[in-house]
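Quick notes on the structure that follows.
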Amino acid sequence: MKTTLNLIKRNIKLFFKDKGMFFTALITPAILLVLYATFLGNVYKDSFMAGIPPMFTVSDKVIDGLVAGQLVSSILAVSCVTVAFCSNFLMVQDKANGTIKDLLITPVKSSVLSLSYYVATLVSTLLVCFTAAALCLGYVALTGWYMSFADVLLIFVDVFVLVLFGTALSSVINFFLSTQGQISAVGTIISAGYGFICGAY
6 MKTTLNLIKR
16 NIKLFFKDKG
26 MFFTALITPA
36 ILLVLYATFL
46 GNVYKDSFMA
56 GIPPMFTVSD
66 KVIDGLVAGQ
76 LVSSILAVSC
86 VTVAFCSNFL
96 MVQDKANGTI
106 KDLLITPVKS
116 SVLSLSYYVA
126 TLVSTLLVCF
136 TAAALCLGYV
146 ALTGWYMSFA
156 DVLLIFVDVF
166 VLVLFGTALS
176 SVINFFLSTQ
186 GQISAVGTII
196 SAGYGFICGA
206 Y
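Note that our numbering has the sequence shown beginning at 6, numbered continuously upward.
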């Protein structure tokens with residue numbers, strides 16, 4: 006158990022210490038924020054306003070809150086998967102630079118090593134995604150708050166479940182990768198493709 010905890014700590018520290026890996030994990034939320042700030046926010050607002058019959062009036066605060074909710078759902082849906090992939094790149098880097106061979110010649114079992122990668126990826130991704138969720142809720146509060154306390158709790162539960170899914174998916178896919186080039190290719194495809202699949206873009 007102590008060995009597993011030490012490996013988990015090692016993996017978490019290496020993720021947050023590697024600025025390139027950390028900022029790569031944040032690139033998808035940053036892209037979505039820029040897209041919404043520049044034009045997508047207005048596009049959504051105009052489309053919502055166009056769907057309201059002329060005899061009804063809806064305050065701008067309600068529409069702004071609705072658009073902010075769309076932003077929050079998009080960022081969190083994409084981030085929970087893409088950040089998990091970036092967090093799990095450490096497993097592939099260890100293969101690429103030979104560190105995993107050094108770890109495997111020790112008495113550490115391969116199952117313990119795999120578990121440490123999974124848990125470290127889960128913890129790192131949860132830290133980033135919960136922080137992103139808090140920032141997104143702050144944005145909603147500034148534009149037009151409409152959620153109850155129960156809604157906020159359910160958002161964090163949803164983030165947790167999505168991170169579990171993203172971590173499992175990234176562990177399965179990254180298991181077959183072994184070079185830096187493969188990491189870059191998969192990271193680009195996942196970051197761009199998953200956003201379109203879940204409707205964030």
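Just so you know, even glycine gets a beta-carbon here, dropped at the ideal spot from N, CA and C.
Check, Outcome
"Proximity of residue 168 and residue 91 at Cβ, strictly below 7 angstroms", "no"
"Meets three-Cβ-pair contact criterion under 8 angstroms: the stretch 108-120 and the stretch 149-166", "no"
"Rounded distance between the beta-carbons of residue 29 and residue 195, thought under 8 angstroms", "No, residue 195 and residue 29 are not in contact; Cβ-Cβ is about 11 angstroms, not under 8 angstroms."
"Residue 207: first and last residue of the uninterrupted alpha helix (DSSP H) it sits in", "Any question about residue 207 goes unanswered here, given that the chain covers just 6 to 206."
"Proximity winner among 186, 180, 192, relative to residue 96 (alpha-carbon distances)", "180"
"Reduced DSSP secondary structure (H/G/I, E/B, other) of residue 34", "helix"
"Residue nearest to residue 19 in terms of C-alpha spacing, selected from 34, 74, 93", "93"
"Rounded C-alpha distance that separates residue 113 from residue 134", "30 angstroms"
"Runs of alpha helix (DSSP H) wholly within the stretch 40-79 (minimum 4 residues, chain order)", "46-55"
"First and last residue of the uninterrupted alpha helix (DSSP H) at residue 182", "Unbroken run through residue 182: none, as it is neither H nor E."
"With 16 other Cβ atoms within 10 Å as the buried cut-off, status of residue 51", "exposed"
"Burial state of residue 34 (16 or more Cβ within 10 Å)", "buried"
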